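Going by this note's numbering, the sequence shown opens with residue 50, and the numbers climb by one from there.
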Amino acid sequence: MFGLGTPELVVILAIAFLLFGGKKLPEIGSGLGKAISSFKKGLGEVEDTAGLGEMTKKLPGVREVAAVHEKIDKAKDIGKVLTK
């Protein structure tokens, strides 16, 4: 994860614990999670309202790329089933 190993993550978490305390860390984590999910939701809404899905389908080669992408996803799903 970004070139950070276990020792670096432990040091970062220890410093965060010392700065914010044990009671505040879950609140900070919850706030970050809500912010990220809200950001993703907002991006999805912008794409839907702008009609980017229909616009991009009209571009040359997009349909072909989408078809290849679907085939790759199906192959991944088959691979997951076979490895179980």
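Heads up, the beta-carbon is just placed ideally off N, CA and C, and yes, glycines get one too. All values reported here derive from a predicted model rather than from experimental measurement.
Residue span of the alpha helix (DSSP H) that contains residue i, given as start and end
i    : result
K125 : 111-132
L62  : 55-69
Residue i - DSSP class collapsed to helix/strand/coil
i    : result
K83  : helix
G78  : helix
M50  : Note that M50 has pLDDT 49, beneath the 50 cutoff, so the model's placement of it is unreliable and no number is given.
L108 : coil
Rounded straight-line distance, which links the Cα of residue j to that of residue i
i    : j    : result
M50  : G71  : Unreliable placement is indicated for M50, whose pLDDT of 49 sits below 50; no coordinate value is reported for it.
F66  : L74  : 7 Å
K107 : A115 : 12 Å
Residues near residue i in its chain [Cβ-Cβ closer than 8 Å; skip 5 each side]
i   : result
G54 : none
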